[in-house]
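In UniProt numbering, the protein residues as written are 1 to 78.
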């Protein structure tokens, strides 16, 4: 019972660390987007912005997946 509780606590902690790291990455990418959009953009910069936007979408999807997996594991233990 105690080992099971420790395992769940460790999984929850790892999930929170992953979520925080993902959020920091998204924030950094969004800041770069704002800086680049504020200046005149050439074709290369537009492609970079498009790539950053795709990365944000993927990171948000990953974030959502981790959150849902965490909830599933939590309810599975109950």
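Where a beta carbon is used, it is the ideal one built from N, C-alpha and C, also for glycine.
### Query
If you draw a straight line from the alpha carbon of residue 70 to that of residue 18, how long is it in whole angstroms?
Cα-Cα distance, rounded: 11 Å.
Notebook entry, point to check: In its own chain, which residues sit with a C-beta less than 8 Å from the C-beta of residue 62, not counting the 5 before and 5 after it?
Noted result: Here the set comprises 22.
*Length of the line joining the Cα atoms of residue 43 and residue 24*: 27 Å
To the nearest angstrom, how far is it from the Cα of residue 51 to the Cα of residue 14?
-> 28 Å
Residue 29 versus residue 47 - alpha carbon distance: 14 Å
Verify whether the separation of the beta carbon atoms of residue 32 and residue 60 is less than 8 Å.
no
Q.
So, with DSSP's three-state summary, where would you put residue 63?
A. DSSP, read as helix, strand or coil, puts residue 63 in helix.
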